[in-house]
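**Q** If you read the sequence shown in full-length UniProt numbering, its first letter stands for residue 1, the second for the next number, and so on.
Quick one: the structure is below, questions incoming.
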Amino acid sequence: MSPTDCFNYVRFLQSYNSSHLYACGTYAFQPKCTYIDLSGFTLDPVAFEDGKGKCPYDPTKGHTGLIVDGELYSATFNNFLGTEPVILRNLGPHYSMKTEYLTSWLNEPHFVASAFVPESAGSGSGDDDKVYFFFSERAVEYDCYAEQVVARVARVCKVWGTPGHTWSWLRGGKLAWVYAEQVVAWVCKGDVGGARTLQKKWTSFLKARLVCSAPEQQLHFNRLRAVFTLPGARWQDTAFFGVFRARWGDVDVSAICRYHILEVKKAFEGPYKEYREQAQKWGRYSGEVPSPRPGACITDWHRQNGFASSLELPDNTLNFAKKHPLMDEPVPPQRGRPLLLKKDANFTQLVVDRVAGLDGTTYEVLFIGTGDGWVHKALDLGSRIHLVEELQVFEPAQPVESLVLAGTKVSVAGVAVALWWHRAASPHRCKLLFAGSRLQVAQLPLADCGRYQSCTDCVLARDPYCAWSRNGSACVRTDGHNGYGDNGDNGHGDNGHGDNGDNRYGHNGYGDNGYGHNRYGHNGYNGHGDNGHRHNGYRHNGYNRYGDNGHRDNGHGHRDTGTLGQGQHPGHPQGPGVGSVIPVGPLGGDTTRTPLTVPSSRRSHLVQDVLSSDTGACSVPQVAKQGET
């Protein structure tokens, strides 16, 4: 244990109501929780609560949680040694609920993310709302001498109350040398435990494996790093995006897979897996399933048959649920493969935004954080992924440990208080992206359309937030503007710069070099491969539109090289950088430590302008020291 482990690391921070946040920290291995008054962003000095079951003791342990209808659903470790993993509900008026301390339920898990899905909305069967948990754990179902870590999704039923919408995520990951697999679990909202069996324990806890693999290459991504939940107009349109990592020989490979909520439900409504004592191995359960179905939430069918709550479920159903939490069928990714693959990369975080293009199509834009301080912006075109740009957010390189879209209720690690405080102090009408590391928080616009100086650059960038104005004067943000015609079409392009250059996996599935000669080429996200157009994508010299062919190589490119920016940008000789950056340290820790600041030698001339004005925050990058925000 190092001295820094004894700082108070804020591991949970979410909106409790319109006036307060609820925060939990490790508090030097004595977790505490309290309320923060939003009016002055001050702690309630008399409202400190025991954080056991709400926050881990150890800051290195995985944790996730969310507040739904005043109830806290958390996945953490319930003791100092970190040997009692638990998915628990507390904080509200109902008594606490938790998982069984059985390895078949949770086996050395690393909790990654959680999500609330209001499945009771519009349900013809009176179904209940669900809470889903994503985590990695050591698998019990495989016959192997080596440790196998699997990533899962689990669910529980939400306790009865008024449906609400809250989503959160937390960075994940596992030991590099073990085989990892993804897991999703659920619980039902109305679950109040059993009367005799599973008293004050989840009766609706089920879990299933998540699959993310590249079949042609026999490459399986088994380490879950992060999950983002993208809600839809209906809960049936909910999608989960998972960030995965694997090793292929001596090469690190990152991937993003997308999962549809209905595929997850299908797995939980399918066959169970069981441990066969005689054979001492796991296999599909082939016997008769008790009625009511174990692990199911209370529906109209249950109520019509005399089971008004989980307390009235028969013991045979509850005993079966206790012994069979694992489902036999895994959850496959949409399209049967990853949305995106990248070799020699370390994806750490992901957020996704839906945006309506001027062509009438709704696009999904992915913002991907990396281990070396970059944020990649990619556009899902259905048949392929198009990289729009890359931003170097932190320099020197620091892992992006949290990504947050403005307006999203989240729980993030380490930098949460500074992020929320900055958002509360500087509200904006436009959407903003916040990136956090252990030392800094950066505020970034979702698009900087003004950097595209010609109609060709503006259109071929295929940025759904940007379009060339009809009067031909500038590339502008599409939100809040009207009358731009069809100059912002993202789904098409000429063959010289469009479809042929954005082959998702290259010529033969994964291309000539395993991951796509055109798509990823020799230098990462080569948008047009080795034909000279965007040879180095946007990375080598920042936003070099045409890379090595000489067009905008250094003269007009925008090199986002970190908190301040060191490249050239039209109209800003020194370059303004990527966003407003607040250096922070471990929160609530040793107050005698000198606060981290941005050295004056690294501060752009633009800083003084943006510190004194909020105008242009949607498109103009900002930099600020901790004491100035």
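Backbone N, C-alpha and C fix where the C-beta goes; we use that ideal spot for every residue, glycine too.
Quick caveat: nothing in here was measured; it's all calculated off a predicted structure.
For Trp202, which option in Pro290, Phe268, Val156 has the closest C-alpha, if you only look at C-alpha atoms?
**A** Val156
**Q** Quick test of the definition: if touching needs 3 or more C-beta pairs under 8 angstroms, does the stretch 338 to 352 touch the stretch 249 to 262?
**A** yes
**Q** Measuring CB to CB, does Gly287 end up less than 8 angstroms from Lys273?
**A** no
**Q** Who pairs with Ala255 in a beta bridge, going by DSSP?
**A** Phe244, Leu341
**Q** Under a three-way DSSP split, which group does Val46 fall into?
**A** It is coil, neither helix nor strand.
**Q** Could you tell me how far apart the beta carbons of Arg152 and Arg209 are, in whole angstroms, since I believe they sit closer than 8 angstroms?
**A** Going by Cβ atoms, the distance from Arg152 to Arg209 rounds to 6 angstroms, so yes, they are a contact pair.
**Q** For Ala356, which residues of its own chain have a beta-carbon under 6 angstroms away from its beta-carbon, when the five flanking residues on both sides are left out?
**A** Thr362
**Q** Using three-state DSSP, classify Ala115 as helix, strand or coil.
**A** strand
**Q** Please classify Arg281 as buried or exposed, where buried requires at least 16 neighbouring CB atoms within 10 angstroms.
**A** Residue 281 is actually Lys in this sequence, not Arg. Exposed, since its Cβ has fewer than 16 Cβ neighbours within 10 Å.
**Q** Buried or exposed, going by whether 16 or more other CB atoms sit within 10 Å of the CB of Gly322?
**A** Before going on, a small fix: residue 322 reads as Lys here, not Gly. When all chains shown are included, Lys322 counts as buried.
**Q** Taking 8 angstroms as the cut-off, decide whether the C-beta atoms of Phe111 and Val131 are in contact.
**A** Not closer than 8 angstroms, so no.
**Q** Could you spell out the range, first to last residue, of the beta strand (DSSP E) harbouring Leu403?
**A** 402 to 405
**Q** Run the CB neighbour count on Gly485, radius 10 Å, all protein chains shown included, and call it buried at 16 or more, exposed below.
**A** The predicted model places Gly485 with a pLDDT of 38, which falls under 50 and marks its position as unreliable; any figure quoted below should be read in that light. Label assigned to Gly485: exposed.
**Q** Anyone know if the C-beta pair for Gln14 and Ile67 falls short of 8 angstroms?
**A** yes
**Q** The alpha helix (DSSP H) spanning Trp301 covers which residue range?
**A** 300 to 304
**Q** So, is Tyr101 buried or exposed, given that buried needs 16 or more other C-beta atoms within 10 angstroms?
**A** exposed
**Q** For the alpha helix (DSSP H) holding Asp37, just list the boundary residues, first then last.
**A** It is not in any alpha helix (DSSP H) - Asp37 instead sits in the beta strand (DSSP E) that spans 32 to 37.
**Q** Assign Gly122 to buried or exposed, taking buried as 16 or more other Cβ atoms, counted over all protein chains shown, within 10 Å of its Cβ.
**A** exposed
**Q** May I ask you to verify whether the stretch 192 to 200 touches the stretch 215 to 224, counting CB pairs closer than 8 angstroms and requiring at least 3?
**A** no
**Q** Taking only three categories from DSSP, how would you classify Pro399?
**A** In the structure shown, Pro399 sits in coil (DSSP, three-state: anything other than H, G, I, E or B).
**Q** Helix, strand or coil for Gln14? Go by DSSP, reduced to three states.
**A** Looking at Gln14 - three-state DSSP - the assignment turns out to be strand.
**Q** Where does Val459 sit, in a helix, a strand or coil, going by DSSP?
**A** helix
**Q** Count the other CB atoms, across all protein chains shown, that sit within 10 Å of the CB of Arg276; report buried if there are 16 or more and exposed otherwise.
**A** Its Cβ having fewer than 16 others within 10 Å, Arg276 is exposed.
**Q** Tell me, to the nearest whole angstrom, how far the beta carbon of Thr76 is from that of Gly92; I am working on the premise that it is less than 8 angstroms.
**A** About 17 angstroms separates the two Cβ atoms, so there is no contact after all.
**Q** For Cys449, which residues in the same chain have their Cβ closer than 6 angstroms to its Cβ, ignoring the five residues on either side in sequence?
**A** So the list reads Cys466, Cys475, Val476, Arg477, once near-sequence residues are dropped.
**Q** Would you mind working out which of Asn78, Ser39, Phe434 sits nearest Asp50, comparing C-alpha positions?
**A** Asn78
**Q** Residues in its own chain within less than 6 angstroms of Gln334 by CB, not counting five upstream and five downstream?
**A** Arg258, His260
**Q** Here's the rule: buried if 16 or more other CB atoms are within 10 angstroms of the residue's CB, otherwise exposed. What is Ala308?
**A** Burial call: exposed.
**Q** Would you mind stating whether Glu364 and Lys377 have Cβ atoms separated by less than 8 angstroms?
**A** no
**Q** With DSSP run on the structure shown, which of helix, strand or coil describes Glu312?
**A** helix
**Q** Kindly indicate which three-state DSSP category Lys158 falls into: helix, strand or coil?
**A** Here Lys158 sits in coil by DSSP.
**Q** In chain order, what are the residue ranges of uninterrupted alpha helix (DSSP H) at least 4 long that sit wholly in the stretch 47 to 117?
**A** none
**Q** In terms of alpha-carbon separation, which member of Asp315, Thr299, Ala267 lies closest to Met327?
**A** Ala267
**Q** Indicate whether the contact test is met: 3 or more Cβ pairs, each with one atom in the stretch 209 to 220 and one in the stretch 344 to 353, closer than 8 angstroms.
**A** no
**Q** What does Ala23 pair with, by DSSP beta-bridge criteria?
**A** Leu13, Thr34
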